[in-house]
Each structure stands twice: as structure tokens, then as C-alpha cells.
Amino acid sequence: MWSDIETSNDLLGYTVHANLLKSIIMQEKNLPVTIGLYGDWGSGKSSTLKILNEMIEKDADSKDSSVVIYFDGWSFESFDDAKMALIQGIVENLESSRCFTGDLKETVKKAAKTVKNKIFSMRTLLWSVKNVVAPAAMAYATGGASFIPSLISFFGSFNTEDKKKELLEKITGEDAEDFIKEAFNTHINTEQFSAVREFRDSFKSLIEATGRERIVILIDDLDRCLPEHIIENLEAIKLFLNVEKTAFVIAADQSIVSEAIKRQYGEKIGIERRREGGRSIGEDYMDKFIQIPYNIPKLSDQEVESYITLLFCQSMLSEEDFKKVHTDFQKYIIEHKFEGYGWGNIKQLDGVNTNEELNRIIPFMAHCTHSISRSLNRNPRLIKRFLNAFEIRSQLLSLNGSDTMENKFLLLKLMLLETSHNDLFAELNIWSIEAKGHSTQIQLLEEAAREDNIQKSEFPGWNFDDVKDLLLMEPYFSSVDLREIFWVSRDKLIDGMGGVTLIPKRIKELFNEIYNASSEPIMKQKSLALKSFNGDEIENFYELLYRKALTDSESKTPYKVYYYLIENDVDKAYEKFLISFEIIVGKAPISIANDIKDVLYRHNDDINLVKLIKKNDRLNSLVFLKRKNTIKM
Numbered sequence: 004m005w006s007d008i009e010t011s012n013d014l015l016g017y018t019v020h021a022n023l024l025k026s027i028i029m030q031e032k033n034l035p036v037t038i039g040l041y042g043d044w045g046s047g048k049s050s051t052l053k054i055l056n057e058m059i060e061k062d063a064d065s066k067d068s069s070v071v072i073y074f075d076g077w078s079f080e081s082f083d084d085a086k087m088a089l090i091q092g093i094v095e096n097l098e099s100s101r102c103f104t105g106d107l108k109e110t111v112k113k114a115a116k117t118v119k120n121k122i123f124s125m126r127t128l129l130w131s132v133k134n135v136v137a138p139a140a141m142a143y144a145t146g147g148a149s150f151i152p153s154l155i156s157f158f159g160s161f162n163t164e165d166k167k168k169e170l171l172e173k174i175t176g177e178d179a180e181d182f183i184k185e186a187f188n189t190h191i192n193t194e195q196f197s198a199v200r201e202f203r204d205s206f207k208s209l210i211e212a213t214g215r216e217r218i219v220i221l222i223d224d225l226d227r228c229l230p231e232h233i234i235e236n237l238e239a240i241k242l243f244l245n246v247e248k249t250a251f252v253i254a255a256d257q258s259i260v261s262e263a264i265k266r267q268y269g270e271k272i273g274i275e276r277r278r279e280g281g282r283s284i285g286e287d288y289m290d291k292f293i294q295i296p297y298n299i300p301k302l303s304d305q306e307v308e309s310y311i312t313l314l315f316c317q318s319m320l321s322e323e324d325f326k327k328v329h330t331d332f333q334k335y336i337i338e339h340k341f342e343g344y345g346w347g348n349i350k351q352l353d354g355v356n357t358n359e360e361l362n363r364i365i366p367f368m369a370h371c372t373h374s375i376s377r378s379l380n381r382n383p384r385l386i387k388r389f390l391n392a393f394e395i396r397s398q399l400l401s402l403n404g405s406d407t408m409e410n411k412f413l414l415l416k417l418m419l420l421e422t423s424h425n426d427l428f429a430e431l432n433i434w435s436i437e438a439k440g441h442s443t444q445i446q447l448l449e450e451a452a453r454e455d456n457i458q459k460s461e462f463p464g465w466n467f468d469d470v471k472d473l474l475l476m477e478p479y480f481s482s483v484d485l486r487e488i489f490w491v492s493r494d495k496l497i498d499g500m501g502g503v504t505l506i507p508k509r510i511k512e513l514f515n516e517i518y519n520a521s522s523e524p525i526m527k528q529k530s531l532a533l534k535s536f537n538g539d540e541i542e543n544f545y546e547l548l549y550r551k552a553l554t555d556s557e558s559k560t561p562y563k564v565y566y567y568l569i570e571n572d573v574d575k576a577y578e579k580f581l582i583s584f585e586i587i588v589g590k591a592p593i594s595i596a597n598d599i600k601d602v603l604y605r606h607n608d609d610i611n612l613v614k615l616i617k618k619n620d621r622l623n624s625l626v627f628l629k630r631k632n633t634i635k636m
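And the structure:
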């Protein structure tokens, strides 16, 4: 079993990313700098930060040039004022850093105390705005006079009797409301400007007091915060903390942060800009804060193979032997960036005691790499969770006395099928139960896969590239009685591992927006966003739509979504529609007849679509009512 917690023990080859970030930070001319470390959930952002943190700490110990602070933005999520919580957290971390000893420690503590006093002043100011200004304004609007003494006190600049009398006349006259608003804004803005300036000056003094060349602040889990807190944290960095000799590295899912900003400042503006070919307001806003964006790339199949190889070595080798393997891997990837690290590399190492099970499991996993990559979106965290689930179910096989390597490999294949195509997994289970063992349907399906003929067989719903890979991989599903193996896979793999839950949140949200659109024009307009999706993202969307079409086949909604995808010329839309339509055409409602006519016209009376329409008598009569002589079979 493998821990799901981020670690600086690099099994992904991410040291190269940490090295690059470090090289930027260590150049004095680049400071101050704010770097955005972007990647999807589970892509390895936190591990990269951990590696970078360890690198800078080692460098600081030897050269006495840097201080590094690791800060979890989400740990202050419960605070009402996330901005002040972030600032105070960074100052306190700097104050308590083990880098400072003796007289230097006292100097830093003294400077930190001054900064914290400034933080208190800013908190007091914000409290005044919330608890004095707002209630006072409400009191004036409703005619309350009891706040007048408090307000005169609040505007301390009115310090003479004449000034107080003048103020009293203004706040009780006809134009009182306008005067109060203007006076509040002027007073508060002046106070805020002064507080910010004084804080920045004291924070600079704290940096100078450390005697270090740079202060590096690593902020993790920003994307787990509430939208308003994400924005507050970014503004705190830009407004208060981004001073000379500082470097910030912020790890986050860019799409989540951008969406939070768009939601906070106006989704409508973002949509309109994107329609005009520009950027969304969320992306523009982030550019104001992030000077250097750095995206962690998706793992390649070769990198997935290396990662899985190292995970199994970590689990099945002694600590000493794994250390040798890991050291060899780190050296290997420097010169072989585009090659996988596998069993062939490990066998050449001297003094590593391997075993027969490892000798068989790693080559088989290498054979499964492409399927694992596709099913789990090349996501390191999902891969690790999947392998943990595999380990648990392998133990169940062992308890049943069925833990042959063949059964373990078949279990792995079934789990991959369940993860990416839960409906097909269920269908395979039904076939096995009905046949009480070896299923004729499974044999016919595997034969169709070997002949590359699934689309034209009696199993068109199985015509997916990743499914064909599994069907062609030995051992075959038809080679054993699958019921025993299904027994240990009869429930969801683990919470959050089954089927649709693997699809990224933003894709599911967009799908729901399109599928549940309040009108067809909105559905059509929102569908345009799919034109900018990459291959994996669009496949995820089609997977959601395919499943929805199966369950809502008598509703016109899934057909409408396909129709607008086709009309907007979204990649593979017509091809995916045919796959779904072939399965659900018998239940298709007659209300889609005009849309089907239009699709048929757009695709020049495609004979494949014509044949499918003919399978639904009612739909057939409506679509071809006025075209009987124009369509030739």
C-alpha cells in the first residue's frame, strides 16, 4: 500500500521542475517574483513544492542565503479575514524559522513584532469599516440619531468646536446621506492607504533584519479555498507582501482559481470576452498577480510506466534495495527524458534482491500502461489510489485461495474497465452470471476485437479504443470463470474512484450547464466552449453525454446536446453521436425529427445514419416523409 500524502521522495521525475523553479528564484534580478505552479488535482503540485522546499533548505544551510517558508493556504480557510490570516501566518513562520539563532533571532523577533502591530492596526481599521461605518450609514438612512456622537469621534480630524458644529449641521441636513458616504470613503481610503504603506515599510524592514538574500514563500492548496478567500490571498500577496527580496510560488489548479475569480467579479463579462475571441476575466485577473506561470505537464505513457514500476519496487523491495533503484532512476532520467524506466533497468543493477512476483507484475503493468494512462487521465494521485484498491482486492483473492497471477491480471483488467466504463463492466458481469461461468458473448466480443470489427458486430457499444486494448490483452476474459474475480470487485473500488468521479470537476460542471441549460440558445452558446478542449477533456465530456443518453434516451435533451455539438462543429461530435444513437435509436422521441433531418442534410444523407433512422418506425416516417424519393439505400 502507498501513502496518498505528498512527499519529496520523487518517483515522478519532478525534480526537473523543482530545479527550474529554483533557478528562477535564485537569480537576484528576478526578485520580487510571483510564480504560479499550475496543474490538475493530483498532478503532483504539492510534491513539487515539497521537493523545491527541500532543495532551498539544503542550499540555505550551506550558503546561508535563503529562508523558505511552506504555507498551506487552506489551513486558514476558517478565518473570516483570509487576507490578514495569510499575512500573519507568513510573518509568524518567518519569526519562528530555525534559520535564525542568537542575536539575529532577537533582531528578527523585534522586527516581526513591529509588523504584527501593523497587522493589528489594519485589522482594527477593517473592523471599523464593518462594525462602525456600515451600521452608522444604516442608522442615518433610517433616521437614527444615536450614532452622531460616535461618528463625530470616528472622524477625529474634526477636532475643534466649530468643526464639530459644522459636521453636526451637515450630518443632520438635507444632503446628509451623500455627505456621510463621501466622508466615510475619504476617511477610510486615507486610513487604508496609510496602513498599507506603513505595513509594507515594516515588512521590508523585517526582510532586511533577516540578513538573507531572499525570502521564498511556498503557498499550497490555494484552490481548495472559498472563491472570496482565493482572491483575498492573491491580493494580500500583491498588495502587502510582494516587496524586494521575496519570491512566492503558488500551487493551484489554474482553472479553479480562474473560475473563482470569474464567479466573484462577473461570469457574464468572462463569457462575453471569450465569445469575442479574447480571454476570460478570470485569466486576465490572474495575469495581474502571477508574473511567471508554470504548468506541470501531463505524464506520458513512459512516465506512467516509470511511476508504476517505482511504486511496486517501493512496496515489494527492502528499503535498502529500493534506495538503489531510486538512485539509479534519478540518474537515468537525466539522460533518457523520453524513455520509461522499467524492469530491464532494474535487472541490470548489482546487489538488488528482486523476487518472482515483482518479476511478473512489473512487465504486465508495463503492458497495461496505455490503458491505465487513459483510464486514470495520467493523474499520479488517481494511479496511486487505483493501485491501492488493486492491492486490497488482491488480498481478497488470496483469502479465497484464488490469488494466481492470471487472476490478479484479470482483476486488474476488470478494475480498469470499471473505472472508465462502469456500464460495460456491469454488462460483462451479467454475461458471466447468466452463463454460470464461461460466456459465449465474451468469446464473440474478443473475436470481434481481434478482427478489429467491434463496430459492425453485435456489440457496438464496446467500440472504444481503451476497451479494445483490454480485450486484446492476455490473459483473456474468456479464459476463466470470471464470477470469482467479480466477487472481489462487486462494489465501487474506493470512494471517489468509480466511473464518472474520475472526470475533472470543471468538465462535469460545464456538462451540467449545457445539459440543464434553461433554453436552447444558451445550450448552443455554452457548447462553443468545447471547441477549445484538448483530447482527454473532450473524451471526458463525451463519456458523460454517452451515459446520460443511455439513461435519458426517451428525452430530447441528450439529442439536443449532440445536435448543437454537431452544429458548432465540435471535434468528433458526429462520430460520437452515431455511437450513442445506434444503441438508443429505438427509444428516440419523435420530437427530434427535425434535428435529425438537419443532421442528415449536413452529412450528405450519410448511409450509416439513414440505416439507424430506419430502425425507429415513427422517427423514420417523419424524417423521410417528404424525402422518400431522395434517399437510396
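Note that the numbering used here has the sequence shown beginning at 4, numbered continuously upward.
From the three backbone atoms N, C-alpha and C, an ideal C-beta is built for every residue, glycine too.
Keep in mind the model is a prediction, meaning the values are calculated, not measured.
- Selection Asp331, Tyr566 and Ile616 evaluated against Ile586 yields Ile616 as nearest (Cα-Cα).
- Residue pairing of Asn298 in beta bridges, as defined by DSSP: Tyr41.
- Per the C-alpha coordinates, the member of Ile541, Phe332, Thr560 and Ile253 positioned closest to Ile293 is Ile253.
- Here the alpha carbon of Leu413 sits roughly 10 Å from the alpha carbon of Leu473.
- Ile59 is a Cβ neighbour of Val71, given a cutoff of 9 Å.
- Distance from the CA atom of Ser558 to the CA atom of Ser624, rounded to whole angstroms, is 19 Å.
- The alpha-carbon separation between Lys600 and Glu338 amounts to approximately 57 Å.
- At least 9 Å separates the beta-carbon of Val483 from that of Leu427.
- Close CB contacts of His370 within its chain, under the 7 Å cut and outside five residues either way in sequence, are with Met476 (chain order).
- If you check the CB distance, Leu553 and Ile593 do not come in under 9 Å.
- Ser303 sits in coil when the DSSP states are folded into three classes, being neither helix nor strand.
- Rounded to whole angstroms, the gap between the alpha carbons of Glu286 and Val94 is 29 Å.
- Counting only residues of its own chain and dropping the five nearest sequence neighbours on each side, Ser46 has a CB closer than 7 Å to the CB of Ile299, Asn382 and Pro383.
- Beta-bridge partners assigned by DSSP to Arg217: Ser69.
- The Cβ atoms of Val564 and Ser530 lie closer than 9 Å to each other.
- The closest CA to that of Ser401, considering only Ile488, Ile457 and Glu322, is found on Ile488.
- Judged by their CB atoms, Asn236 and Leu89 are nearer to each other than the 9 Å cut-off.
- Just measuring C-alpha positions, the residue of Ala451, Asn466, Phe251 and Lys48 sitting nearest Leu420 is Asn466.
- With at least 16 other beta carbons inside 10 angstroms of its own, Trp346 counts as buried.
- When secondary structure is reduced to three states using DSSP, Ile365 falls in the helix class.
- When C-alpha distances from Leu568 are compared across Glu247, Arg550 and Tyr545, the shortest belongs to Tyr545.
- The beta carbons of Ile517 and Glu540 sit no closer together than 9 Å.
- Asp13 is classed as buried because its beta carbon has at least 16 other beta carbons within 10 Å across all chains shown.
- By the criterion of a C-beta distance shorter than 8 Å, Asp609 is surrounded in its chain by Leu603, once the five residues flanking it on both sides are discounted.
- Here Thr249 carries a strand assignment [DSSP, helix/strand/coil].
- Note: Val36 is bridge-paired with Ala250 in the DSSP secondary-structure output.
- Around Leu448, the same chain offers Phe462, Trp465 and Leu474 as residues with beta carbons nearer than 7 Å, after the five sequence neighbours per side are excluded.
- Straight through space, the alpha carbons of Val260 and Ala596 are spaced by roughly 42 Å.
- Counting along the chain, Ser624 sits inside the alpha helix (DSSP H) bounded by residues Asp620 to Val626.
- Per DSSP, reduced to three states, the secondary structure at Asp75 is strand.
- Within the same chain, Cβ atoms closer than 6 Å to the Cβ of Asp223 are found at Ser49, Leu52, Asp75 and Ala254, the five residues on either side in sequence being excluded.
- By the Cβ neighbour-count rule, Gly440 is exposed, with fewer than 16 other Cβ atoms within 10 Å of its own.
- Counting only runs of 4 or more residues that sit fully inside the region 549 to 616, the alpha helix (DSSP H) segments are 560 to 570, 576 to 587, 596 to 605 and 610 to 616, in chain order.
- In the same chain as Arg215, and ignoring 5 residues on each side of it, the C-beta atoms closer than 7 Å to its own belong to Ser68, Ser69 and Val70, in chain order.
- Using a 10 angstroms sphere on the CB of Glu360, the tally of other CB atoms stays under 16, which defines it as exposed.
- No residue range can be given for Lys459, since it is assigned to no alpha helix (DSSP H) and is classified by DSSP as neither H nor E.
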